[in-house]
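So for the sequence shown, our numbering puts the first residue at 8; every next one is plus one.
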Amino acid sequence: MATDAHSARITGRVQGRDITLEGGLSKDEIRSRVWWWRTSRSGAAGERGGRAHEYDDSHADVIATLGGYYRVCGDPRTHEAEELVELVYWELNPAD
Numbered sequence: 008m009a010t011d012a013h014s015a016r017i018t019g020r021v022q023g024r025d026i027t028l029e030g031g032l033s034k035d036e037i038r039s040r041v042w043w044w045r046t047s048r049s050g051a052a053g054e055r056g057g058r059a060h061e062y063d064d065s066h067a068d069v070i071a072t073l074g075g076y077y078r079v080c081g082d083p084r085t086h087e088a089e090e091l092v093e094l095v096y097w098e099l100n101p102a103d
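So this is what it looks like as structure tokens:
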């Protein structure tokens, strides 16, 4: 079993998409992967393949960490979202 920071891995299911977060990611990278529909490569928020993805809160979006399961809120700018980013960052990068 690997023990360096780059071997750490956290998984989740957000907006119907499986995500994997691995050691070495910055807080901004974590934020953009968790709230993937809010940031797209094309520059238009939520745009994927020419279609916008709107946040759907009819099901729970969760991140599974060593401490348990955490719900992902729809807005990455909230205090709750910032706490989740901090928690994930420190689990992925425990030596920092």
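Backbone N, C-alpha and C define an ideal beta-carbon position, used for all residues, glycine too.
Non-local C-beta neighbours of Arg24 in its own chain, meaning closer than 8 Å and more than five positions away in sequence, comprise Trp43, ordered along the chain. Annotation for Ile26: Gly19 and Arg40 place their beta carbon closer than 6 Å to its own, counting only its chain and skipping 5 residues before and after. Contact between Thr72 and Ile17 holds, with the beta-carbon distance rounding to 5 Å and staying under 8 Å. Secondary structure of Leu94 (DSSP, three-state): helix. 9 Å or more divides the Cβ of Val92 from the Cβ of Arg78.
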